[in-house]
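Engineer: Can you read through this structure? Questions will come right after.
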């Protein structure tokens, strides 16, 4: 919700090329800079949840959730912690090279100019992985100084600073941010014990970016960034840490022949410890320690837009990404000491060529896209060493190489100056992550085995929509149907107590699962969003309805007809904002329908409704005071449940007071 405009700061967005003409035929929503600046310590992932149909695997945010559960998807294509929507920052894919989740503390909302959410599959220029759509983050550049600081509940602090200046033929932007807090106790009071405690967090990062013209019609963008994120999960031995660094270089040609070329590199380091408790939750003991989880990625993209005539846009291009990663971890703890040392990992890559042609004649627009990729999975290895006897077992996985096509057709018509209709049909796919392929893991008393034989997920989808605009009012409605073939899910194969392949002993109350390709997930749904502005007031709302059903046979037959885990059928949001003379206030309501923790739909996560509020007062032309409330009425939002009756909640009521400065 827009809280305060700060006109002294000059904001310039810097994209490689204009938004593709074909996007007019898809369901697209935008989050503007005002909302991003107002996010403060909320984080980008919480702002994204305000858009219709955007789902994070867990209801917990990045301050309290396990980093590996922070995947993002759209249109109820959930049931998996790896992202089924593609997140890109200035053209660079952001999913973790090893696990496919998103490291949300790597982004400062205040350093972004805009967020663009493109729903639906069949994306050609962004590479594979955009099964449900693509979320584009665009950095801000410009001259001036801006910053903010906030203090909040449970000794929380957040700060952000940005400085932009002219440097040579362009602009240099320096930005830094950080936050910390004592956190809350995740386990609900009714079931917690002496071992349960608060979940502190601390994170920070920075970015250096230069954007300018190095020759007539030739732009250059160079960026280097890094972040560090530490959290604990509310028990001893549950701390984790993620560190990352990125570098990218992009050339942009803005002449008659528009073109861009991008290269980038990414580095991730992850460490995480896991624990279990006794029946009375009096003591916690370590069960596993991921002491080294390195992930690396290098990639490129190039696009050419030749002049082909008035009303026609042709895009030709190529892109690729190569990922390597592994997980080194201690397991099978006895008397507080590990008895096994496991290593699992490998390499994966994809590279492709694409073409997109969009033609407009009068009120009608047609678009067709095609893409061909070659993917590889190689050097897969699972190594297990006994720390007691020194015995080593090793399994090497054969390499695979396959070609995969992608396509999309779309059409639209402007019925009048106020109404436009659109429709699209598409194919898409996602390569299994190295984590899904090779690494078994534990979550509480549950254990999940990896599966090196997983195949890529494939999407077939179609949608039809209408957009209406009049003055300060707009409404967008989209109906869609998606079929996700070979979706990867954690399939329950047994319950504890017992010893199971690849994971060892599972205690009573725990479940043994393995990642498997199901037959398919069918989703039909409706999305709607609208806004109305009149004078000092702005009203907004969004709605997401989705009926998602698993279709499964064989060992997964018990899942047939059930809903994918962590996927609700109903979501809605509404906001009211007011602004006048440097003062502003806003209230936002967000509702998430009932979901299920597990694939068997036995552990229900109740529906939840939260209310956020914010206000700002301008103390001077350069300084403003801000007040924010998250979950104002302290609604009970259940983020997780286990088979032995433990429930975990998401963020309780949090109050913030801050100052914002521009110069």
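Numbering (UniProt numbering), first residue to last: 1 to 663. Glycine included, C-beta positions come from ideal geometry on N, C-alpha and C. Since this is a predicted model, take the numbers as computed values, not measurements.
Note down, one range per segment and in chain order, each beta strand (DSSP E) of at least 3 residues found wholly within the stretch 348-409.
Structural biologist: 364-386 and 392-397
Engineer: For residue 443, which residues does DSSP report across the bridge?
Structural biologist: Counting from one through the chain shown, the residue named residue 443 turns up at place 443. DSSP lists 446 as partners of residue 443.
Engineer: When we look at the beta-carbon of residue 441 and count the other beta-carbons within 10 Å, is it buried (16 or more) or exposed?
Structural biologist: Within the chain shown, residue 441 is the residue found at index 441, counting from 1. Burial call: buried.
Engineer: When you compare only the Cα positions, how much space is there between residue 382 and residue 503?
Structural biologist: Residue mapping note: residue 382 aligns to position 382 of the chain shown, counting from 1. Residue mapping note: residue 503 aligns to position 503 of the chain shown, counting from 1. Going by the C-alpha atoms only, they are around 12 Å apart.
Engineer: Please report the distance separating the alpha-carbon of residue 4 from that of residue 590.
Structural biologist: Locating residue 4 in the chain shown gives position 4, counting from the first residue. Locating residue 590 in the chain shown gives position 590, counting from the first residue. Annotation note: pLDDT 31 at residue 4 (below 50); position unreliable, no value reported.
Engineer: Using a threshold of 8 Å, state whether the C-beta atoms of residue 31 and residue 114 are closer than that.
Structural biologist: Translated into positions along the chain shown, residue 31 becomes position 31. Translated into positions along the chain shown, residue 114 becomes position 114. Closer than 8 Å, so yes.
Engineer: Tell me whether residue 377, by its Cβ, gets closer than 7 Å to a heavy atom of the ligand ZN.
Structural biologist: The ligand content of the structure shown is nil, which means the ligand ZN is not present either.
Engineer: Here's the rule I'm using: 16 or more other beta-carbon atoms within 10 Å means buried, otherwise exposed. How should residue 323 be labelled?
Structural biologist: Against the chain shown, residue 323 aligns to sequence position 323. Buried, because 16 or more other Cβ atoms sit within 10 Å of the Cβ of residue 323.
Engineer: Taking 8 Å as the cut-off, decide whether the C-beta atoms of residue 457 and residue 488 are in contact.
Structural biologist: Locating residue 457 in the chain shown gives position 457, counting from the first residue. Locating residue 488 in the chain shown gives position 488, counting from the first residue. It is a contact, given that the beta carbons lie within the stated cut-off.
Engineer: Distance check for residue 141 and residue 171, CA to CA, integer angstroms please.
Structural biologist: Position 171 of the chain shown holds residue 171. Position 141 of the chain shown holds residue 141. Distance between the alpha carbons of residue 171 and residue 141 is about 7 Å.
Engineer: Alpha carbons only, please: which of 254, 617 and 106 is nearest the one belonging to residue 213?
Structural biologist: Position 213 of the chain shown, counting from 1, holds the residue named residue 213. Per the Cα distances, 254.
Engineer: Relative to the alpha-carbon of residue 522, which residue among 459, 368 and 510 has its alpha-carbon at the smallest distance?
Structural biologist: Indexing the chain shown from 1 puts residue 522 at position 522. Closest option to residue 522, Cα to Cα, is 459.
Engineer: Closer than 6 Å by C-beta to residue 540: which residues in its own chain qualify, once you throw out the five before and the five after it? Chain order, please.
Structural biologist: Looking up residue 540 in the chain shown gives position 540. Here the set comprises 531 and 575.
Engineer: Does residue 306 pass the burial test, meaning 16 or more other C-beta atoms within 10 Å, or should it be called exposed?
Structural biologist: Taking the chain shown and counting its residues from 1, one reaches residue 306 at position 306. Exposed.
Engineer: Which of helix, strand or coil does DSSP assign to residue 12?
Structural biologist: Counting from 1 along the chain shown, the entry for residue 12 is found at position 12. The predicted model places residue 12 with a pLDDT of 43, which falls under 50 and marks its position as unreliable; any figure quoted below should be read in that light. Three-state result, residue 12: strand.
Engineer: For residue 359, collect the residues of the same chain with a Cβ closer than 6 Å to its Cβ; drop the 5 residues on either side in sequence, then sort them by chain order.
Structural biologist: Here the question's residue 359 lines up with position 359 in the chain shown. Cβ neighbours of residue 359 beyond the five flanking positions: 312 and 366.
Engineer: Roughly how many angstroms separate the alpha carbons of residue 318 and residue 265, rounded to a whole number?
Structural biologist: For the purposes of this step, residue 318 is taken as the residue at position 318 of the chain shown. For the purposes of this step, residue 265 is taken as the residue at position 265 of the chain shown. Each residue's Cα considered, the two are about 17 Å apart.
Engineer: Indicate the three-state DSSP secondary structure (helix, strand or coil) for residue 463 in the structure shown.
Structural biologist: Along the chain shown, read from residue 1 onward, the residue named residue 463 stands at position 463. It is a strand residue.
Engineer: Between residue 666 and residue 302, which are expected to be in contact by the criterion C-beta below 8 Å, what is the C-beta distance as a whole number of angstroms?
Structural biologist: Any question about residue 666 goes unanswered here, given that the chain covers just 1 to 663.
Engineer: Looking only at C-alpha atoms, which of 82, 483, 279 and 310 sits nearest to residue 549?
Structural biologist: The count along the chain shown starts at 1 and reaches residue 549 at position 549. When only C-alpha atoms are compared, the closest one is 483.
Engineer: In terms of DSSP beta bridges, what is residue 117 paired with?
Structural biologist: The count along the chain shown starts at 1 and reaches residue 117 at position 117. Per DSSP, 29 and 135.
Engineer: Who are the Cβ neighbours of residue 185 in its own chain at under 8 Å, not counting the five residues just before and after it?
Structural biologist: Against the chain shown, residue 185 aligns to sequence position 185. Closer than 8 Å at the Cβ level, and outside the excluded window around residue 185, lie 192, 196, 197, 198, 199 and 234.
Engineer: Roughly how many angstroms lie between the CA atoms of residue 665 and residue 239, to the nearest whole one?
Structural biologist: Examination of residue 665 is not possible in this model, given that the chain is present from 1 through 663 alone.
Engineer: For residue 218, tell me which candidate among 17, 639, 505 and 315 has the shortest Cα-Cα distance.
Structural biologist: The residue you call residue 218 lines up with position 218 of the chain shown. For residue 218, the closest alpha carbon among the candidates 17, 639, 505 and 315 is that of 17.
Engineer: Check the DSSP bridge columns for residue 296 and list the partner residues they point to.
Structural biologist: Looking up residue 296 in the chain shown gives position 296. Beta-bridge pairing by DSSP links residue 296 to 267 and 324.
Engineer: Can you tell me which of 211, 174, 194 and 153 puts its alpha carbon nearest to the alpha carbon of residue 183?
Structural biologist: Start at 1 with the first residue of the chain shown, and residue 183 comes out as number 183. The shortest Cα separation from residue 183 among 211, 174, 194 and 153 belongs to 153.
Engineer: In the DSSP assignment, find the alpha helix (DSSP H) that holds residue 490 and state where it starts and stops.
Structural biologist: Counting from 1 along the chain shown, the entry for residue 490 is found at position 490. First-last for residue 490: 488-495, but that is the beta strand (DSSP E), not the alpha helix (DSSP H).
Engineer: Within the same chain, show all residues whose beta-carbon is closer than 6 Å to that of residue 136, passing over the 5 residues directly before and after it, in chain order.
Structural biologist: Looking up residue 136 in the chain shown gives position 136. Only 88 and 116 meet the Cβ criterion.
Engineer: Helix, strand or coil: which one does DSSP assign to residue 4?
Structural biologist: Indexing the chain shown from 1 puts residue 4 at position 4. The pLDDT assigned to residue 4 is 31, lower than 50, so where the model puts this residue is not dependable; a value taken from the coordinates is nonetheless given after this. Residue 4 falls in the coil class under three-state DSSP.
Engineer: Which term fits residue 68, buried or exposed, when burial requires 16 or more other beta carbons within 10 angstroms of its beta carbon?
Structural biologist: Within the chain shown, numbered from 1, the residue matching residue 68 stands at position 68. Buried, by the Cβ-count rule.
Engineer: Within its chain, find whatever has a CB closer than 7 Å to the CB of residue 60; leave out the 5 residues flanking it on each side and keep chain order.
Structural biologist: The count along the chain shown starts at 1 and reaches residue 60 at position 60. The residues are 639 and 650.
Engineer: Which residues bound the alpha helix (DSSP H) around residue 48?
Structural biologist: As a first step, residue 48 must be located in the chain shown, where it is residue number 48. 44-48 is the extent of the alpha helix (DSSP H) around residue 48.
Engineer: Count the other CB atoms within 10 Å of the CB of residue 453; is the residue buried (16 or more) or exposed (fewer)?
Structural biologist: Within the chain shown, residue 453 is the residue found at index 453, counting from 1. Using a 10 angstroms sphere on the CB of residue 453, the tally of other CB atoms stays under 16, which defines it as exposed.
Engineer: Of the residues 431, 357 and 595, which one's Cα is nearest the Cα of residue 350?
Structural biologist: Sequence index remark: in the chain shown, residue 350 carries index 350 (1-based). Out of 431, 357 and 595, 431 has the C-alpha closest to the C-alpha of residue 350.
Engineer: What's the C-alpha gap between residue 369 and residue 357?
Structural biologist: Along the chain shown, read from residue 1 onward, the residue named residue 369 stands at position 369. Along the chain shown, read from residue 1 onward, the residue named residue 357 stands at position 357. Distance between the alpha carbons of residue 369 and residue 357: 6 Å.
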